[in-house]
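The opening position of the sequence shown corresponds to residue 1204 in my numbering, with each subsequent residue numbered one higher.
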Amino acid sequence: MSRKAKQLDCDTESLQQLEALVRSKKSEFRLVERARMVLACLNGAAIRAVAERFQTTTNTVIFWRDRFAQAGVEGLTDMPRSGRPTRYDTEFRDTVLRLLDMPPPNGHSRWSGVAIANALQVSDDAVSRLLRREGIRLKRSYALPNSVEAVQSL
């Protein structure tokens, strides 16, 4: 025999916020779905029926119902996650920026992402991600003509 679901109570302000969230065209889809789940629970629908309606598990419905009961509408948003720790820290950033102030290696007229990566013995993807994040765009190198007349015509 199944257990009786907890009765979910809500004040009128939270109910209005939930309904506004459901009607909103600019809200995230998953946030709207969570609000719809909570509204269905508030209207007295069985948890299993709500789970089937939203094609999810009963545990998911219970999770969001309980989060709403504890934190209100703000509880329906995702909590920050730790994520993967950064592999290259501010020391790496400072090293790359210092290296850009130095003259480029022999045979190069300017620094390139590959040249920086080779000098620091890191991947060129890590260097390009850092440069992109810092808003630094290295100029593309091109071959200059060997003759003086051709250079003067540029």
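All residues carry an ideal CB built from backbone N, CA and C; glycine is no exception.
(Q) Output needed for ARG1270: all residues of its chain with C-beta closer than 7 angstroms, excluding positions within five of it in sequence on either side, in chain order. (A) GLY1278 and LEU1279
Q | Per-residue DSSP class, three states only, for ILE1265 | A | helix
Q: Throw me the rounded Cβ distance for the ILE1372 and THR1259 pair, which I believe falls under 8 angstroms.
A: The structure shown does not extend to residue 1372, since the chain is modelled only from 1204 through 1357, so no value can be given for it.
(Q) Quick check: the Cα distance between ALA1368 and LYS1229, rounded to an integer number of angstroms? (A) Within the shown structure, residues of the chain are numbered from 1204 to 1357, placing residue 1368 beyond reach of any answer.
Q) Considering only residues of the same chain and omitting the five flanking positions on each side of THR1298, which have a CB-CB separation below 7 angstroms? A) LEU1323.
Q.
Looking only at its chain, what residues have a beta carbon closer than 6 angstroms to the beta carbon of LEU1218, apart from the 5 residues adjacent to it on each side?
A. Excluding the 5 residues flanking it on each side, LEU1218 has no same chain C-beta neighbour closer than 6 angstroms.
Q: Just mark ILE1339 as buried or exposed, buried being the case when its beta carbon has 16 or more other beta carbons within 10 Å.
A: exposed
Q: Compare the beta carbon distance of PRO1306 and TRP1314 with 7 angstroms and say whether it is the shorter of the two.
A: No.
Q. What is the DSSP secondary structure of PHE1362, reduced to helix, strand or coil?
A. The structure shown has nothing for residue 1362, since the chain only spans 1204 to 1357.
(Q) Counting C-beta neighbours from all protein chains within 10 Å, is the total for MET1282 16 or more, i.e. buried, or is it exposed? (A) Its Cβ having fewer than 16 others within 10 Å, MET1282 is exposed.
(Q) Measuring only the C-alpha atoms, how far is HIS1311 from ARG1301? (A) In this structure, the straight-line span from the alpha carbon of HIS1311 to that of ARG1301 is close to 17 angstroms.
Q) How about ARG1284 and LEU1211: do their beta carbons lie closer than 7 angstroms? A) no
Q) For LYS1342, which residues of its own chain have a beta-carbon under 8 angstroms away from its beta-carbon, when the five flanking residues on both sides are left out? A) Cβ-Cβ distances below 8 angstroms link LYS1342 to ARG1313 in the same chain, with the five nearest sequence neighbours on each side left out; the list follows chain order.
(Q) Quick check on DSSP: helix, strand or coil for ASN1309? (A) coil
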